[in-house]
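Quick notes on the structure that follows.
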Amino acid sequence: MKTPLWPSDRVTWWSRRVLAWAAVVVPGHLRLDRRLEWEAELWQLRTAPGGLGELAHFLCGAWLDALWERKEGWRMEFLMHDVRFAVRTLARSPGFTMAAVLTLALSIGASTALFSVVDEAVFSDPPYPEPDRLVVVDMLFGMPEGEMNTSIWSYPRYLALREDVESVEGLAGYESRTMTLTELGDPAVISVEVATPSLFPLLGVSAQRGRLFGAEEEYDGGADLVAVVSESFWETRMGRASDAIGSVITLDRLRFQVIGVVEDSYRGVSGQAEVWIPMSALWEVVEPGMLDDPWNQHFFVMGRLADGVSLDRAQSEVSVFGGTVMERFPPPVGAQRLTTSAQVVRLKEASANPAATTSMWALLAAVILVLLIATANLAGLLLARGATRQREAAVRASLGAGRARLVRQLLTESLTLAAIGGVVGLGLATVGVDLLGAWLADALGTSSARGLQAIDTTALSIDWRVFSFALVLTGGVGLAFGLLPAWQAARTDPSSWLRGGRAAIGIRRRTFGFSSRNLLMVGQVALAVVLLSAASLMMRTTLNLQAVELGFERDNLLTALYALTPADEQSGIDPGTFHVDVVERMEAIPGVVAASVGEVPMGGPTWRILVFGSEGRPELTPAEHVWIRIQPVADGHMEVLGATFIDGRDIEANDDWNTEKVVILGRTAAEELFPDSDPIGQKIQLSWSGYSGPGATVVGIVEDVQLGNPNDPIERQAFVPVRQAPQLETGLLIRTAGDPEALIPAMRSAMAELAPELAVTSVMSMETRAAGTTVRSRVLTMLLGFFGVAALFLVAVGLYGSIAYAVTLRTRELGLRASLGAGRGSLAVLVLRQGLGVTLAGIVVGVIGSTWATRFLQDLVFGTRTVDPAGLVGVCVVLFGVAFAAAYLPARRGTRIDPMEALRAD
Amino acid sequence: MSRSLGVTTVLILTAVDRGVCYGLDIVNRTAMLPGTVYTTLRRLERRGLVRGQWEDAEVAEADRRPRRRYYELTPNGEQALVDAREHFAALGVDVAAKLSVVGAGE
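Respectively, the protein sequence lines represent chains A and W.
Everything in the first sequence is counted per this note's numbering, starting at 75 for the first residue and increasing by one.
Everything in the second sequence is counted per this note's numbering, starting at 68 for the first residue and increasing by one.
Right, here's the structure in full:
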């Protein structure tokens with residue numbers, strides 16, 4: 075008996091498999107030769123002693139050989155021929171080609187434009203030299219219940235940080251504020267960045283004219299009022315005057331000397347600054363002494379990791395510093411229970427806006443889902459077309475075209491289609507980036523928690539990353555929808571086609587062609603379910619946000635903000651009296667029902683202070699002090715706001731500096747501070763000038779008012795008379811009889827009469843303001859809804875086409891059934907069952923998929939869990955309805971087949 | 068020959084010239100990677116410098132192994148090798164040193 079030729083070990087067996095696979099790659103006429111040659115050599119290798127490394131080299135060699143042969147088979151003229159042929163074929167069915175190109179172009183264009191926004195927000199570095207070394211240093215305050223967490227610094231602490239910490243260099247402080255610009259055109263409120271002189275060198279920003287801040291602007295107990303302006307400020311407000319340097323601009327009624335213009339179009343770390351002033355100037359602008367007060371915290375700190383220092387090392391040094399703050403700067407009364415720390419965060423990370431980024435990813439995912447559905451749709455269309463082109467394929471195959479050649483031809487067609495779509499899409503994206511990208515970024519949020527710019531909308535562009543994205547997308551799509559029809563064509567048996575014509579293989583075609591088309595339909599339906607359920611979640615969120623109980627009447631309320639300056643106060647204006655004058659002046663306008671000053675819901679200004687004690691519990695320990703949101707308001711404020719009184723009275727006109735201090739509490743505060751007794755008539759002590767000693771008497775209790783955004787938690791709140799505790803900054807609330815925005819001109823002119831130099835900002839109706847707080851979820855709802863409808867439409871078209879095609883293929887069968895006595899109803903059921911079965915399968919897969927996929931929307935939803943059964947049911951019902959309609963039309967046609975005609979057809 | 072052959076090609080041609088041989092033989096003689104050897108052989112075969120031939124079925128049968136494909140130089144190939152050697156000599160490149168390595172394993 076002969077011994078077997080091949081060793082029977084596993085390695086040999088696998089090696090032979092690898093060679094067999096490699097042979098598949100080799101063009102047909104050489105395939106056997108190559109395989110035999112490799113096998114002979116493999117036999118040699120396996121029978122002679124040799125390492126596995128040698129074997130691996132050999133197998134790789136065989137594969138290289140195979141690939142080389144394959145490459146040689148692809149000659150350039152063949153390729154060009156294929157492309158020309160593809161273009162001719164596509165041109166022959168312009169309707170199909172147009173629809174396909176348009177769908178591809180729109181979805182590739184939209185995803186590319188969206189990706190450019192994601193690219194800028196997620197992948198781009200801040201536009202400064204060595205961005206990896208730039209860090210933000212956060213000062214952290216913790217409370218036992220984790221209530222407050224801030225990242226801001228006071229000047230003395232910043233100096234100590236600069237002195238002590240070596241691992242972070244060039245430490246600079248910055249903050250953004252708005253100031254009123256006067257004596258240069260109309261009064262305007264502009265964005266000003268307040269910076270230590272070290273900020274510009276830290277970021278590598280230089281002056282194009284004049285100079286930036288230097289050692290003379292360091293704080294030394296006083297202030298030089300100087301300013302640096304942006305190029306756009308210099309251009310639009312100063313007309314590019316050559317004598318701009320040395321001229322004087324008036325901000326908040328203080329005169330600043332312009333010393334320089336920053337380079338290019340630099341707009342500061344916030345991306346919005348028009349003017350920079352040195353931090354020392356705050357001493358004049360806000361209040362003398364604030365820069366010497368270690369507990370007056372108002373700015374952020376940025377620095378650069380020292381050469382060779384890791385983030386971890388900087389972190390440990392900085393956190394040690396943070397822990398010593400309480401010791402070095404003894405806190406004022408009420409802050410004893412704070413714990414302190416500090417942390418280092420990379421600038422890139424610190425300037426992220428997570429909710430906006432998540433929104434963008436969600437939108438990108440949605441567009442790609444639409445693209446996938448469109449791809450599956452096209453694959454289905456091509457499959458159907460492939461079936462009708464089978465005769466062509468069969469003729470070519472019988473004339474000697476290899477299977478690979480046929481597959482290549484079909485793939486070339488789909489890739490050509492995708493390439494045209496990709497090019498048009500890229501063109502659309504180039505336009506879209508400027509329009510859609512910038513608008514979208516604005517709607518979703520361009521700034522971050524630390525006053526840093528999250529997305530620079532002027533920097534959106536089609537860079538190499540975006541371009542590669544579009545390229546990969548286009549190639550992937552072209553391959554994806556071309557492979558299935560190509561595979562089908564490769565399985566064509568030419569002889570059966572040529573012999574029997576359509577009827578002979580109609581059945582075979584159907585068994586194969588249909589199952590893959592069904593699979594494509596299931597996929598499309600499933601993706602549409604995912605998309606629609608995301609859209610329904612966002613819609614629910616928007617509705618929830620709009621339905622939040624705000625605790626005040628939002629209709630017919632005009633709101634605005636204004637602020638007096640320290641200079642006003644120094645020139646003898648009493649803020650309390652001024653605010654009351656404003657209210658009286660407003661109430662004199664016809665159409666105004668009543669007016670007040672105070673915090674504008676969702677607009678500010680906001681103050682939070684500590685409650686030290688209350689009657690019955692006069693001596694709260696520091697650990698029991700609680701934060702309360704407080705607001706000085708004019709008399710009749712609750713009336714204007716439309717808040718609901720639970721007990722007591724409103725603020726009245728004679729609650730002024732001569733009478734005892736009074737306060738109105740919100741329900742939450744009242745219940746927490748006076749758990750066992752009636753609060754009315756009792757006293758509380760507040761860390762607010764004049765309210766700490768004897769305290770203020772509670773005169774009223776109102777239902778809580780949502781002063782923040784609708785999705786913020788309700789806070790403890792207190793309202794005090796504006797005459798007893800005035801602030802420079804306040805909001806204006808005007809209850810009107812009719813359309814509040816119609817009164818804006820009258821309101822503005824009345825303010826101008828009262829105080830010509832006062833800038834009134836953020837003038838809008840409460841309705842508009844509330845809409846602004848939900849803009850992100852509304853934009854998401856709109857876009858996801860739009861994509862969802864597009865997906866629904868594509869699915870309907872795909873299903874219609876698929877069923878219509880099935881009916882065509884089954885014409886004979888249906889006709890036969892009809893002639894044998896099958897009723898119309900049973901024929902319709904026969905056809906419908908197929909389409910609806912596919913839809914149901916898709917819905918099941920889609921529901922499972924969406925419960926997984928929607929979890930990524932966690933940060934964006936409000937008032938609902940990410941899996942929303944009611945919404946899912948709704949989505950499924952809508953989808954099923956659309957699918958039924960799409961399947962019913964061709965099914966009805968199927969029932970109307972004339973048996974005689976059908977049987978005669980072939 | 069207008070175009071000169073590269074060192075790799077010359078090495079493989081030389082290896083083939085040293086005697087009728089098969090792929091793995093050349094790999095062993097030139098210490099090159101199999102992928103390089105195969106693709107070079109294919110190119111040379113297509114240019115008519117090398118000829119591959121299956122060995123007689125009986126020989127393989129007698130040795131109890133699969134049939135091998137042996138390579139030998141064509142007359143064109145022999146000429147090309149002579150030309151290439153002259154070319155390298157003219158360049159002053161010491162191909163001889165490299166070539167002497169070939170066959171060291173024999």
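We treat Cβ as the ideally placed atom computed from N, Cα and C, and that holds for glycine.
Less than 7 angstroms separating the beta-carbons of residue i and residue j?
{"i": "A:G334", "j": "A:V209", "result": "no"}
{"i": "A:I877", "j": "A:V603", "result": "no"}
{"i": "A:V707", "j": "A:F793", "result": "yes"}
{"i": "A:F373", "j": "A:E249", "result": "yes"}
{"i": "A:G396", "j": "A:T414", "result": "yes"}
{"i": "A:E789", "j": "A:P679", "result": "no"}
{"i": "W:Y105", "j": "A:D537", "result": "no"}
{"i": "A:V192", "j": "A:L547", "result": "no"}
{"i": "A:L638", "j": "A:S836", "result": "no"}
{"i": "A:V266", "j": "A:R251", "result": "yes"}
{"i": "A:G499", "j": "A:A187", "result": "no"}
{"i": "A:H256", "j": "A:E831", "result": "Looking at the sequence shown, residue 256 of chain A is not His but Thr. The answer is yes: Cβ separation under 7 angstroms."}
{"i": "A:G650", "j": "A:R797", "result": "yes"}
Would you give the residue range spanned by the beta strand (DSSP E) that residue i belongs to?
{"i": "A:D212", "result": "208 to 216"}
{"i": "W:Y138", "result": "136 to 140"}
{"i": "A:E267", "result": "262 to 269"}
{"i": "W:Q120", "result": "117 to 121"}
{"i": "A:M981", "result": "Because chain A spans 75 through 980 in this model, residue 981 of chain A falls outside it and cannot be assessed."}
{"i": "A:V667", "result": "666 to 672"}
{"i": "A:Q759", "result": "757 to 760"}
{"i": "A:L510", "result": "Premise fails: A:L510 is in no beta strand (DSSP E) and is neither H nor E."}
{"i": "A:A281", "result": "281 to 284"}
Name the DSSP bridge partner or partners of residue i?
{"i": "A:A246", "result": "A:M376"}
{"i": "A:G722", "result": "A:G774"}
{"i": "A:Q331", "result": "A:V300, A:V322"}
{"i": "A:V737", "result": "A:V772"}
{"i": "A:V497", "result": "A:V497 pairs with nothing; no bridge assigned."}
{"i": "A:W350", "result": "A:E267, A:V302"}
{"i": "A:W681", "result": "A:I704"}
Quick check on DSSP: helix, strand or coil for residue i?
{"i": "A:L443", "result": "helix"}
{"i": "A:W369", "result": "coil"}
{"i": "A:V419", "result": "strand"}
{"i": "A:R251", "result": "strand"}
{"i": "A:E803", "result": "strand"}
{"i": "A:A577", "result": "Confidence at A:A577 is low in this model, with a pLDDT of 43, below 50, so the placement of that residue should be treated as unreliable; the coordinate-derived value is given next. The answer is helix: DSSP assigns A:A577 an H, G or I state."}
{"i": "A:V399", "result": "helix"}
{"i": "A:P649", "result": "helix"}
{"i": "W:Y89", "result": "strand"}
{"i": "A:T414", "result": "strand"}
{"i": "A:P230", "result": "helix"}
{"i": "A:F793", "result": "strand"}
Within its chain, find whatever has a CB closer than 7 angstroms to the CB of residue i; leave out the 5 residues flanking it on each side and keep chain order.
{"i": "A:L982", "result": "Missing from the structure shown is residue 982 of chain A; chain A here goes from 75 to 980 and no further."}
{"i": "A:W308", "result": "R314, A318, V335"}
{"i": "A:N592", "result": "V912"}
{"i": "A:E401", "result": "none"}
Please list the terminal residues of the continuous alpha helix (DSSP H) segment that includes residue i.
{"i": "A:I818", "result": "818 to 828"}
{"i": "A:Q118", "result": "102 to 121"}
{"i": "A:A94", "result": "84 to 99"}
{"i": "A:P749", "result": "Careful: A:P749 lies outside any alpha helix (DSSP H) and carries neither H nor E."}
Tell me which residues share the same chain as residue i and place their Cβ nearer than 6 angstroms to its Cβ, disregarding the 5 neighbours each side in the sequence.
{"i": "A:R311", "result": "L258"}
{"i": "A:S590", "result": "L558"}
{"i": "A:G278", "result": "Y202, P203"}
Note down, in chain order, each residue of its chain lying with its Cβ closer than 8 angstroms to the Cβ of residue i, except the 5 sequence neighbours on either side.
{"i": "A:D724", "result": "D709, G710, H711, M712, E713, I738, G774"}
{"i": "A:V45", "result": "This structure cannot settle anything about residue 45 of chain A, because the visible part of chain A is limited to 75 through 980."}
{"i": "A:D508", "result": "L534"}
Kindly say whether residue i, judged by its beta-carbon, lies nearer than 7 angstroms to any beta-carbon of chain C.
{"i": "A:L138", "result": "No chain C appears in this structure, whose protein chains are A and W."}
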